[in-house]
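In the numbering used here, each residue's number is its place in the sequence shown (first place is 1) plus 14. Positions of the beta carbon are idealized from the N, C-alpha and C atoms, including for glycine.
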Amino acid sequence: MEKHSSLQGTGPFYVQFSFVVALAGACCSAQMASNATQRRTSTEGGRHVTLMQFNVRTGFADWGLETMWRHPLVPFNRTRRAAVAACVHEHLPDFVATQEGLSWQLRHMASDLDHGYAFVGGFRGGPTWNTDESSAIFYRKSSWDLEVSGDFMLSQTPEVPYSSYPGASYPMITSWAVLASRPSDGIKEPSRVLIVSTHLDPYVPEVRAASAEQLRQTVAELRQTHSCQQAFLLGDFNSDFEESPWQLLKQAGWVDSWEEKNGAYPAGSFTYHAFQGPSYKPEGPQVSDPNHTIDFIWLWGGGPGTAPSVVSSKVERQRYTSSGPCASGVLPSDHYALVTEVLLPL
């Protein structure tokens, strides 16, 4: 969701005394996960791939202690910037599809992730640098090699920067990448996948519908052009399963990873939460704010024997400090991240 009101932090005022930092570290150090040793890459049945959908919230919209990207009065380990990196570290995904990131936010993320990830994706353009958002894709450099990437606007002139459909709230950009896996655990045959990161209009259903149809057509063309049997479409759709974008993709043969693993979406499964977490009360679908998820990870398999199978799919609702999950930490974004693990057939 792309709301540009200035939300204020709801947590306590944090003062930079050493005992505060020490307490925060002690509180959460025991919760750190040794994911580096637990992460699976392949089995006899296929290659395990973890994907994360993560609207990281633009860095020039919020100024609260818990909502600003890097508040000068807050210890670094309790900033949103640190929480975003810790959330990614917790799951060690192969791919992270982001939305709303500004150029300096993306550089921060790459640095905070110990340069273990590279990212691709252009910016939507426009009159001001502080609104030049992206739909960038991060990928693990140790596991994947980039073959080709590109961007297009959701508009009738997708090649024109900052273009949009008539009546759109904002110009919205989509990024894509074709990547090949590196040999691992004795598997020499690479997997080639198409990853697409998108962001639909936050307020106008007709624009979302047109954008979804454009995505369906364009991603199909990309799959064919680059001979990718397996594709993943991740994004903030600003609409739930009751609206036409979800229904169109479903009818076109795409698989909703969360629904595939968990069944129908219950009330209260929202992913946009306005930095309020589980206490948030959605305003309703008229403002792209239903009481269900609006962030999705879609799968395309291409046919029998090539379709990815969903191992797990969950919404990441934890608070974080730089040390990892922590009940007294901060929410990384105004969206929960969605994390899906799939098994790619060999």
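When we look at the beta-carbon of residue i and count the other beta-carbons within 10 Å, is it buried (16 or more) or exposed?
{"i": "Asn252", "result": "buried"}
{"i": "Ala194", "result": "exposed"}
{"i": "Gly319", "result": "exposed"}
{"i": "Val103", "result": "It should be noted that the sequence gives His, not Val, for residue 103. Label assigned to His103: buried."}
{"i": "Thr212", "result": "buried"}
{"i": "Leu87", "result": "exposed"}
{"i": "Tyr350", "result": "buried"}
{"i": "Ala111", "result": "buried"}
{"i": "Ala288", "result": "buried"}
{"i": "Gln300", "result": "exposed"}
{"i": "Leu263", "result": "buried"}
{"i": "Trp83", "result": "buried"}
{"i": "Trp190", "result": "buried"}
{"i": "His85", "result": "buried"}
{"i": "His122", "result": "buried"}
{"i": "His129", "result": "exposed"}
{"i": "Pro89", "result": "buried"}
{"i": "Trp77", "result": "exposed"}
{"i": "Glu161", "result": "exposed"}
{"i": "Pro180", "result": "exposed"}
Would you tell me roughly how many angstroms separate the C-alpha atoms of residue i and residue j, rounded to the nearest one?
{"i": "Ala100", "j": "Thr335", "result": "7 Å"}
{"i": "Pro141", "j": "Ala321", "result": "42 Å"}
{"i": "Gly343", "j": "Asn144", "result": "27 Å"}
{"i": "Cys242", "j": "Leu229", "result": "16 Å"}
{"i": "Gly267", "j": "Asn91", "result": "43 Å"}
{"i": "Ser163", "j": "Ile311", "result": "19 Å"}
{"i": "Glu297", "j": "Ala281", "result": "13 Å"}
{"i": "Ser149", "j": "Gln238", "result": "22 Å"}
{"i": "Ser125", "j": "Leu358", "result": "29 Å"}
{"i": "Gln67", "j": "Ser198", "result": "24 Å"}
{"i": "Thr307", "j": "Val353", "result": "13 Å"}
{"i": "Gly338", "j": "Val269", "result": "31 Å"}
{"i": "Tyr217", "j": "Gln113", "result": "16 Å"}
{"i": "Glu330", "j": "Ala341", "result": "13 Å"}
{"i": "Pro219", "j": "Ala278", "result": "22 Å"}
{"i": "Ser177", "j": "Gly136", "result": "14 Å"}
{"i": "Leu360", "j": "Glu80", "result": "44 Å"}
{"i": "Phe255", "j": "Trp314", "result": "18 Å"}
{"i": "Pro172", "j": "Asp165", "result": "9 Å"}
{"i": "Ile201", "j": "Val207", "result": "16 Å"}
{"i": "Tyr184", "j": "Ser283", "result": "26 Å"}
{"i": "Trp158", "j": "Thr64", "result": "12 Å"}
{"i": "Gly291", "j": "Leu345", "result": "7 Å"}
{"i": "His62", "j": "Gln244", "result": "13 Å"}
{"i": "Met167", "j": "Arg94", "result": "28 Å"}
{"i": "Asp108", "j": "Ala182", "result": "33 Å"}
{"i": "Ala97", "j": "Arg333", "result": "8 Å"}
{"i": "Ile209", "j": "Ala234", "result": "12 Å"}
{"i": "Ser326", "j": "His105", "result": "12 Å"}
Along the beta strand (DSSP E) that carries residue i, what are the first and last residues, could you check?
{"i": "Gln119", "result": "Here Gln119 belongs to no beta strand (DSSP E); instead the alpha helix (DSSP H) covers 117–126."}
{"i": "Tyr153", "result": "151–154"}
{"i": "Met386", "result": "In the structure as shown, the chain starts at 15 and stops at 360, and residue 386 therefore has no counterpart that could be examined."}
{"i": "Thr142", "result": "No beta strand (DSSP E) contains Thr142, which DSSP labels as neither H nor E."}
{"i": "Ser189", "result": "187–195"}
{"i": "Leu208", "result": "206–213"}
{"i": "Ala111", "result": "109–113"}
How is residue i classed by DSSP in three states: helix, strand or coil?
{"i": "Gly291", "result": "helix"}
{"i": "His129", "result": "coil"}
{"i": "Pro339", "result": "strand"}
{"i": "Leu37", "result": "Low local confidence applies: a pLDDT of 45 at Leu37 is under 50, so the model's placement there is unreliable, with the coordinate-based value given in what follows. Three-state DSSP puts Leu37 in a helix."}
{"i": "Gln332", "result": "coil"}
{"i": "Val174", "result": "coil"}
{"i": "Glu355", "result": "strand"}
{"i": "Val221", "result": "helix"}
{"i": "Leu345", "result": "coil"}
Counting along the chain, where does the alpha helix (DSSP H) carrying residue i start and finish?
{"i": "Ala96", "result": "94–105"}
Would you check whether the ligand NAP has a heavy atom nearer than 7 Å to the C-beta of residue i?
{"i": "Ser326", "result": "In the structure shown, the ligand NAP is absent, as is every other ligand, since no ligand is present at all."}
Secondary structure, alpha helix (DSSP H): runs of 4+ residues fully inside the region 224–289 | Taken in chain order, the complete alpha helix (DSSP H) segments of 4 or more residues contained in the region 224–289 are 258–265, 271–276.
Sequence ranges, beta strand (DSSP E) only - wholly within the region 302–328, length at least 3 = Listed in chain order, the complete beta strand (DSSP E) runs (minimum 3 residues) inside the region 302–328 are 309–314.
Write down every uninterrupted run of the beta strand (DSSP E) in the region 53–87 whose length is 3 residues or greater and which is fully enclosed by it, in chain order.
-> Secondary structure in the region 53–87: the beta strand (DSSP E) runs of 3 residues or longer, each lying completely within the stretch, are 60–69 in chain order.
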